[in-house]
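Protein chains: 2
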Amino acid sequence: MQMDKRKKILESALKLFVEFGFHGTPTSKIAANAGVSNGTLFHYFGTKEELIKELYIAVKEELNSFLSSKINASDSMEEVFRKFYQHSIYWGLDNKEKFHYVQQVHFSPHIFQIPESVLQEQLQLHLGLIEQAKATKVIKNLPTNLVYTLMLSHVNGIYTYVLHLPANKRKAVIDDGFAMIWDMFTE
Amino acid sequence: MQMDKRKKILESALKLFVEFGFHGTPTSKIAANAGVSNGTLFHYFGTKEELIKELYIAVKEELNSFLSSKINASDSMEEVFRKFYQHSIYWGLDNKEKFHYVQQVHFSPHIFQIPESVLQEQLQLHLGLIEQAKATKVIKNLPTNLVYTLMLSHVNGIYTYVLHLPANKRKAVIDDGFAMIWDMFTE
DNA sequence: TATTTTATAGAGTGATTAGTCAATCTATAT
DNA sequence: ATATAGATTGACTAATCACTCTATAAAATA
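Chain order of the listed sequences is A and B.
Here the numbering used here is used: the first residue of the first sequence is 3, the next is one more, and so on.
Here the numbering used here is used: the first residue of the second sequence is 3, the next is one more, and so on.
Here it is, written out as structure tokens:
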């Protein structure tokens with residue numbers, strides 16, 4: 003019941019921040035859009051900055067736990083990579099605003115409000131996976147951060163491209179996209 | 003003389019927008035930082051939005067003409083691609099704020115203020131090159147936009163990675179990075 | 001039931017900001 | 001020398017915004 007309003011505020015903030023930007027979105031409009039009063043917004047989030055920050059953390063956590071839910075212990079290393087890759091893109095297509103919001107924060111000064119420890123922790127899932135793949139010689143022995151950064155860029159690139167494609171033509175591109183990047187990191 | 007102030011305003015806006023964001027940068031601070039009065043800013047730029055837009059266009063034009071200046075008619079197709087790739091990254095490293103600003107605008111609602119025709123025109127240089135390479139069978143026959151998007155993503159990825167690297171270790175990564183992406187698009 | 005804590009509302013406030021305006025200055029052209 | 005156009009200023013304004021405060025209702029706790 004109480005969390006309901008908190009959630010509604012976050013949803014409204016997401017929608018409005020993506021559409022109008024941080025500047026173009028007054029807290030009053032967020033509250034109105036969420037169907038709560040001005041005061042209620044500040045009851046849940048001490049400042050606008052905190053709202054921006056908590057929204058970012060919540061969205062990234064959602065994506066991470068979504069990805070985790072997609073893999074099983076029996077998956078091969080390549081299968082895990084493929085699933086992470088594919089489901090990142092599918093999740094983005096199903097959650098366009100959230101996907102966009104992450105990048106919006108990333109290229110704004112608000113990124114500096116996110117504690118380094120939080121950013122680091124959200125990376126662990128991916129970095130650990132890459133190190134495991136390197137240790138078992140599944141992928142080439144390149145710096146972990148380089149592999150991560152290039153894979154992330156590739157995901158963003160494919161996402162950007164398929165976004166403007168009719169839905170029925172997306173799968174082929176996404177599948178080919180994985181083959182391309184997988185080639186890049188295997189012998 | 004007159005253009006001097008206009009230029010100073012653009013320089014100050016770039017610096018402050020990147021550091022404090024659009025929201026966190028009042029026009030008054032831009033004017034003060036540029037050493038001009040409030041009124042002068044609005045003499046050159048009708049609105050804050052227009053300043054954001056003109057700065058974006060100017061930066062992208064600068065990058066494009068920088069890239070154009072690096073190639074000669076005698077270059078092979080592969081040389082042209084390599085130069086575009088390498089010099090995009092080097093230019094970014096030499097102009098971090100500008101490189102960042104382009105992406106900052108891209109993931110903000112201000113991108114919609116840039117006329118589609120301008121965006122399209124700024125792409126022509128790259129798209130034309132890719133089509134030429136496809137026509138002469140230098141690269142695989144993939145959709146032009148896909149090639150462009152993936153190359154751009156790769157450039158951003160490598161840039162992001164080398165940014166946090168000591169300067170003397172960058173060249174090797176950049177060179178390897180080109181080999182990786184070139185492999186991806188050639189047989 | 002009585003008491004305390006939490007949730008919600010919404011009017012109010014002080015500060016800030018984008019943009020205006022009238023006045024002055026500078027430069028060039030005639 | 002005079003006229004004209006553009007450049008520059010900075011005080012001013014109307015609007016907006018983040019956040020506070022007081023009051024009340026609901027819920028949890030004792």
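Positions of the beta carbon are idealized from the N, C-alpha and C atoms, including for glycine.
Excluding its 5 nearest sequence neighbours in each direction, N40/A has C-beta neighbours in its own chain below 8 Å: T29, S30 and A33, listed in chain order. Taking a beta-carbon distance threshold of 8 Å, Y46/B does not count as an interface residue toward chain A. S71/A counts as exposed, since fewer than 16 other C-beta atoms from the protein chains shown sit within 10 angstroms of its C-beta.
The way I'd put it, the segment 143 to 156 of chain A does touch the segment 152 to 170 of chain B; three or more beta-carbon pairs between them come closer than 8 Å.
Within the same chain, and ignoring the five residues on either side of I73/A in sequence, the residues whose Cβ sits closer than 6 Å to its Cβ are V82 and K85. Taking 8 Å as the cut-off, the Cβ atoms of V20/A and Y58/A do not count as close.
If the five residues before and after N35/B are omitted, its C-beta is found closer than 8 Å to the C-beta atoms of S14, K17 and L18, all from its own chain and listed in chain order. Closest by C-alpha distance to S78/B, out of K100/B, L131/B, S110/B and K98/B, is L131/B. Within the segment 80 to 111 of chain A, those residues whose Cβ lies closer than 8 Å to any Cβ of chain B are, in chain order, H102, Q105, Q106, H108, F109, S110 and P111. Residues of the segment 25 to 43 of chain A whose Cβ lies closer than 9 Å to any Cβ of chain B, in chain order: H25 and G26. Residues of chain A whose Cβ lies closer than 8 Å to the Cβ of F180/B do not exist, since the nearest Cβ in that chain is about 12 Å away. Only residues of its own chain outside the window of five on either side were considered, and among them W93 have a CB closer than 7 Å to the CB of L65/A, listed in chain order. Taking all protein chains shown into account, H166/B has fewer than 16 neighbouring C-beta atoms within 10 Å of its C-beta and is therefore exposed. In this structure, DSSP gives L65/B a helical state, which the three-state scheme calls helix. Between A75/B and H112/A, the alpha-carbon positions lie close to 45 Å from each other.
Taking 8 Å as the cut-off, the Cβ atoms of F47/B and G23/A do not count as close. Within 8 Å of the CB of L154/B, the CB atoms of chain A belong to G159, in sequence order along the chain. Within the same chain, F187 come within 6 Å of K142/A by CB-CB distance, once the 5 residues on both sides are set aside. Separation of the CB atoms of L69/B and H89/B is rounded to 6 Å, and the pair is thereby assigned contact status at 8 Å. Residues of chain B with a Cβ closer than 7 Å to the Cβ of L125/A do not exist, since the nearest Cβ in that chain sits about 13 Å away.
A direct Cα-to-Cα measurement between Q115/A and K55/A gives close to 7 Å.
Considering only G159/A, K139/A and N147/A, the residue with the shortest C-alpha distance to L148/B is G159/A. Excluding sequence positions up to five before and after D178/B, its CB lies less than 6 Å from no other CB in the same chain. A straight-line Cα-Cα distance of about 55 Å links K10/B and T138/A. V140/A is a Cβ neighbour of E80/A, given a cutoff of 8 Å. Contact annotation for E21/A against chain B: P111 [CB-CB distance below 7 Å, chain order]. Below the 9 Å Cβ cutoff, chain B contributes no neighbours of Y58/A, its closest Cβ being approximately 13 Å away. Against chain A, the CB of L69/B has no partner CB under 8 Å away; the residue lies outside that interface. Between V61/B and K98/B the beta-carbon gap is near 12 Å, outside 8 Å, which marks them as no contact.
Beyond the five residues adjoining it in sequence on each side, R172/A comes within less than 8 Å, by CB distance, of L95 and V164 in the same chain, given in chain order.
In the three-state reduction of the DSSP assignment, T188/B falls in the coil class.
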